[in-house]
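Each remark here refers to the structure printed beneath this line.
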Amino acid sequence: MLKTILIRLAFSLVIIFSSGPASLATAQSQAPATATPDVRLGAVEAWMAPQAAADLRVGWDRMVVRWSLRQPDNPEQWIVPPEETERINTALAAGREMVILIMGTPGWATNGEPQGGPPRGLYLPTTSANHLWAVFLRRFFQDYETRFNGQITRYIIWNEPDIAPDEYGAQFTGTVRDYYQLVKTAALVGKAINPSIKIHLAGMTYWHDAVFGREAYLQRFIEVARLDPTARANNYYFDVVTIHIYFRTETVRDLIGLFRSILNRYGLKHPIWLNETNSPPADDEELPWDQPMFRVSMEEQAAFILQTFALGFASGAERVSVYKLFNFDAVPGADYYGLIRPDGSPRPALQAFRLVTSQFAGARRVAYIPYSTHYIVRLEREDALVQVLWARGPKAVNLSLLADRRAVSATLYSQFGQAQPLNAIAGRYPLTLAPANCATAQGCVVGGPTWVLVETYRPK
10 MLKTILIRLA
20 FSLVIIFSSG
30 PASLATAQSQ
40 APATATPDVR
50 LGAVEAWMAP
60 QAAADLRVGW
70 DRMVVRWSLR
80 QPDNPEQWIV
90 PPEETERINT
100 ALAAGREMVI
110 LIMGTPGWAT
120 NGEPQGGPPR
130 GLYLPTTSAN
140 HLWAVFLRRF
150 FQDYETRFNG
160 QITRYIIWNE
170 PDIAPDEYGA
180 QFTGTVRDYY
190 QLVKTAALVG
200 KAINPSIKIH
210 LAGMTYWHDA
220 VFGREAYLQR
230 FIEVARLDPT
240 ARANNYYFDV
250 VTIHIYFRTE
260 TVRDLIGLFR
270 SILNRYGLKH
280 PIWLNETNSP
290 PADDEELPWD
300 QPMFRVSMEE
310 QAAFILQTFA
320 LGFASGAERV
330 SVYKLFNFDA
340 VPGADYYGLI
350 RPDGSPRPAL
360 QAFRLVTSQF
370 AGARRVAYIP
380 YSTHYIVRLE
390 REDALVQVLW
400 ARGPKAVNLS
410 LLADRRAVSA
420 TLYSQFGQAQ
430 PLNAIAGRYP
440 LTLAPANCAT
450 AQGCVVGGPT
460 WVLVETYRPK
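This note's numbering puts the sequence shown at residues 10 to 469.
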């Protein structure tokens with residue numbers, strides 16, 4: 010049961026903390042709540058910075074494998090980068106699950122555009138030698154089963170197919186029916202090799218459909234699947250729905266809720282993963298972004314990481330992953346998403362992500378309270394109650410939070426990972442949430458500076 014949270018805007022004993030890192034004690038985030046990584050907490054391409062990923066206790070990673078690089082010129086080729094096995098084994102040894110994204114049609118295998126065109130033979134029986142996608146997948150899945158002893162079981166099929174072929178950034182140029190056939194083939198071939206294999210739908214952006222007035226791709230996909238008389242008995246040939254959400258905190262709850270409502274409409278209970286999320290900053294002097302879509306600061310990026318992971322789980326996502334931990338290089342003047350810069354230096358958002366992997370780990374229940382002025386997300390661990398709090402609008406919010414009677418101590422973390430002990434006054438914690446920056450052309454893009462309050466229970 011959620012405890013009652015009392016809000017007193019005129020509370021006389023409010024203690025106002027500055028949101029900046031200099032105002033708090035220098036103690037960093039506590040040790041993780043669990044000794045091993047929480048598999049729900051991910052970072053895309055964490056394999057690029059394996060030591061940092063291990064230190065952060067990242068729970069899952071995503072690696073892209075392109076068919077066009079395995080067999081660039083003909084079906085007899087099988088080119089495996091020598092570092093691929095090492096990268097995956099390093100992740101597995103650190104307790105980090107590796108999820109593989111398969112995409113990219115070789116030019117010889119399609120009558121359409123290389124990379125995005127549907128493979129030839131897509132509608133033939135999967136046992137046919139002319140079903141090029143099935144032939145590739147059979148070899149690919151078997152290779153992974155052998156090399157990694159069945160430890161790789163999750164595969165995402167392509168990326169962002171909701172970007173139409175005539176739109177910038179298109180990655181699949183086939184129809185929705187073609188994409189369904191890609192997914193169905195992957196399920197039939199993969200599960201025949203290892204029944205534990207899970208097939209994930211490609212990450213969807215939602216906005217490409219919304220802006221151009223189309224029905225959501227997920228809905229169109231399910232409508233196509235329903236025409237297949239074998240689909241229902243086979244869970245529609247997919248195991249996980251995937252979404253990508255960027256920039257705006259408020260869209261997390263809305264879009265996960267929308268995807269869940271689409272699934273509910275058809276009686277489907279598939280889990281939803283938020284595979285990519287971030288709000289890259291424009292004000293990093295080392296990596297300036299000349300023409301940002303949304304003008305976000307590095308401080309707001311840090312807040313966004315905490316807000317999105319908290320709201321993602323509270324809204325029903327099974328897993329959440331930041332895009333991304335690190336990238337080897339950056340294009341001058343363009344957007345850079347990494348929490349770690351190419352030179353290895355951290356952005357402020359890295360400490361926010363460390364708070365996620367240390368304090369959100371082990372949460373058994375997650376719920377949120379969406380007030381009109383602010384959010385409170387509660388994550389209940391066996392050993393602590395974690396509350397993530399931030400203002401939604403342009404005004405500060407004064408709170409009086411009821412202390413958990415089971416707690417023997419409380420620590421307040423800034424979004425930069427710095428900590429300060431917090432004492433209850435008459436059984437309550439007075440706290441002020443600083444306002445969001447809403448003086449932009451797009452309004453309040455990210456919520457205000459974010460606090461993480463951890464009330465620790467007496468060890469059992």
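Idealized CB from N, CA, C, for every residue including glycine.
With a 10 Å radius around its C-beta and 16 neighbouring C-beta atoms as the bar for buried, classify T239 as buried or exposed.
exposed
I97 lies in the alpha helix (DSSP H); which residues open and close that run?
91 to 102
Nearest candidate by alpha-carbon position, reference E93, set P59, P84, G121, D392:
Across the set P59, P84, G121, D392, the C-alpha of P59 shows the shortest separation from the C-alpha of E93.
Once the 5 residues before and after R304 are set aside, which same chain residues still bring their CB inside 7 Å of it?
A291, T449
How should I172 be labelled, buried or exposed, when 16 other C-beta atoms within 10 angstroms of its C-beta is the threshold for buried?
buried
Any chance the stretch 77 to 88 sits against the stretch 96 to 109, with 3 or more Cβ pairs inside 8 Å?
no
Run the CB neighbour count on S423, radius 10 Å, all protein chains shown included, and call it buried at 16 or more, exposed below.
buried
Straight-line CA distance for K193 to F268?
Each residue's Cα considered, the two are about 20 Å apart.
Specify the secondary structure class of E309 as computed by DSSP and reduced to three states.
helix
Per DSSP, what are the beta-bridge partners of T286 in this structure?
I254
Excluding the five sequence neighbours on either side, which residues of its own chain have a C-beta within less than 6 Å of the C-beta of A319, listed in chain order?
V386, V397
Among A179, F149, G222, whose alpha-carbon lies nearest the alpha-carbon of A195?
Here the closest residue by C-alpha is F149.
For R374, the residue or residues it bridges with in DSSP:
E389
Could you tell me if P127 is buried or exposed, where buried requires 16 or more neighbouring beta carbons within 10 angstroms of its beta carbon?
buried
Identify the continuous alpha helix (DSSP H) that holds Y189 and give its terminal residues.
Residues 185 to 202.
Note down, in chain order, each residue of its chain lying with its Cβ closer than 7 Å to the Cβ of T251, except the 5 sequence neighbours on either side.
I165, H209, L210, A211, G212, M213, W282, N284
If you compare alpha carbons, which of G125, Y438, N287, N446 is closest to L359?
N287
Counting C-beta neighbours from all protein chains within 10 Å, is the total for S205 16 or more, i.e. buried, or is it exposed?
exposed
Measuring CB atoms only, is the stretch 228 to 246 touching the stretch 268 to 280, in the sense that at least three cross pairs come out at less than 8 Å?
yes
Flag this pair as yes or no: are the beta carbons of D248 and P297 separated by less than 9 Å?
In this structure, D248 sits away from P297, with a CB-CB distance that is not shorter than 9 Å.
Run the CB neighbour count on G29, radius 10 Å, all protein chains shown included, and call it buried at 16 or more, exposed below.
Residue confidence is low: G29 scores 35 on pLDDT, short of 50, so the model does not pin down where it sits. No coordinate-derived value is stated.
Exposed unless 16 or more other CB atoms sit within 10 angstroms - verdict on L421
Classification for L421: buried.
Which listed residue (G353, W460, R374, L440) has its alpha carbon closest to that of S409
L440
Counting pairs of Cβ atoms below 8 Å between the stretch 260 to 267 and the stretch 184 to 191, do you hit three or more?
no
Which residues does DSSP pair with H383 in a beta bridge?
Per DSSP, A400.
Reference G457; option with closest CA among D47, R390, A225, E308
Comparing Cα-Cα distances from G457 to each of D47, R390, A225, E308, the minimum goes to E308.
Counting along the chain, where does the beta strand (DSSP E) carrying Q124 start and finish?
Where Q124 is concerned, there is no enclosing beta strand (DSSP E), given that its DSSP letter is neither H nor E.
Just how far apart, CA to CA, sit R401 and N446?
9 Å
Take S306 as the anchor and find which of D152, L78, R105, C453 has the nearest alpha-carbon.
C453
Is the beta carbon of H253 sitting closer than 9 Å to the one on Y332?
Cβ atoms of H253 and Y332: closer than 9 Å.
Where N139 falls, given that 16 or more other Cβ within 10 Å makes a residue buried:
So N139 ends up on the exposed side.
Which residues does DSSP pair with N515 in a beta bridge?
Shown here, the chain extends from 10 to 469; a query on residue 515 therefore has no answer.
Specify the secondary structure class of Y246 as computed by DSSP and reduced to three states.
helix
Proximity to G470 [Cα-Cα], best of R363, Q451, V375
Because the chain in this structure spans residues 10 to 469, residue 470 falls outside the shown range and cannot be described.
Would A31 be called buried (16 or more neighbouring beta carbons within 10 Å of its own) or exposed?
Here the model assigns A31 a pLDDT of 28, short of 50, so the residue's position is not dependable, and the following value carries that caveat. With fewer than 16 Cβ atoms within 10 Å of its Cβ, A31 is classed as exposed.
Buried or exposed: where does W56 fall if 16 or more other Cβ atoms within 10 Å of its Cβ makes it buried?
buried
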